[in-house]
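Going left to right, the sequence shown walks through residues 9 to 157 as our numbering numbers them.
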Amino acid sequence: MENASKALLISGGVFLAIVILVIAVQLFVGYRDVAETYDETMTMSEISNINKEFTKYLGREDITIQEVVTAARTAQNYNEKYGYKIITVLLGGEDLTSDDKENSYFAKKIKDNINKKYKINTNTIEYYNEEENINEGLVKIIKFTEVTP
């Protein structure tokens, strides 16, 4: 009888250990899914915040050269942060985000174009996205064009 009660205690302990192990695995899998969802949400939030820096000019036809330079500098900062060119800002076909553009270049650009106005529209912004014609994902190219009087 004594052996039978010890056997029941041992089997109960093994059963309890298995139940605890199953619960631990379930919690681990559940928390992993939450972490993945959180990372995905944070990535979308970060992309949205980056895009706001450039899409805030959409629909305007009174963008100054100073705002164009600000957009180019912002793009350069993001490119430096990630170590390669992610975002390109074009002004009349000229890439303002290339590595050789320095303060003196931008100062001259501002001086030469101080009275001009620029615009961008949805056709002049390209996004990183595998599907065509969808304005989602990170901004890839922004093309500022001069507003002709």
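Every residue, glycine too, gets a C-beta built ideally from N, C-alpha and C.
Keep in mind that this is a model prediction, so the values were computed, not measured.
*Cβ-Cβ distance between Ile-122 and Ile-133 below 8 Å*: No, these two residues do not count as a Cβ contact at 8 Å.
*Is Asn-141 helix, strand or coil when you go by DSSP?*
At Asn-141, the pLDDT of 48 sits below 50, so the modelled position is not reliable; the number obtained from the coordinates is stated separately. Residue state, collapsed to three classes: coil.
*Just how far apart, CA to CA, sit Val-37 and Tyr-135?*
Rounded to whole angstroms, Val-37 to Tyr-135 spans 34 Å at the Cα level.
_Can you list, in chain order, the residues of its chain with a C-beta nearer than 8 Å to that of Asn-141? Leave out the 5 residues immediately preceding and following it._
Residue placement at Asn-141 is poorly supported in this model, since its pLDDT is 48, which falls under 50; the coordinates still yield a value, given next. Beyond the five residues adjoining it in sequence on each side, Asn-141 comes within less than 8 Å, by CB distance, of no other residue in the same chain.
_Assigned secondary structure, Lys-93 (DSSP; H/G/I helix, E/B strand, else coil)_ = Collapsing the DSSP output to three states places Lys-93 in coil.
*Helix, strand or coil at Val-147 [DSSP, three-state]*: DSSP, read as helix, strand or coil, puts Val-147 in strand.
*How many Å lie between Lys-7 and Ser-53 at the Cα?*
Because residue 7 is not part of the residues shown, which for the chain are 9 to 157, the question remains open.
*Name the residue from Tyr-92, Leu-104, Asn-87 whose alpha carbon lies nearest to the alpha carbon of Gln-74.*
It is Leu-104 whose Cα lies nearest to the Cα of Gln-74.
*Roughly how far, in whole angstroms, is the beta-carbon of Ile-71 from the beta-carbon of Tyr-126, given that I think they are within contact range, below 8 Å?*
Indeed, because the Cβ distance is near 4 Å, the residues count as touching under 8 Å.
*Name the one or two DSSP bridge partners that Lys-127 has.*
According to DSSP, Lys-127 bridges with Thr-153.
*If we ignore side chains and look at the alpha-carbon of each, how far apart do Val-97 and Pro-157 end up?*
Within the model, the alpha-carbon separation for Val-97 versus Pro-157 is close to 23 Å.
*asked:* Looking at the secondary structure, which residues open and close the beta strand (DSSP E) in which Ile-133 lies?
replied: In this chain, the beta strand (DSSP E) harbouring Ile-133 covers 133 to 135.
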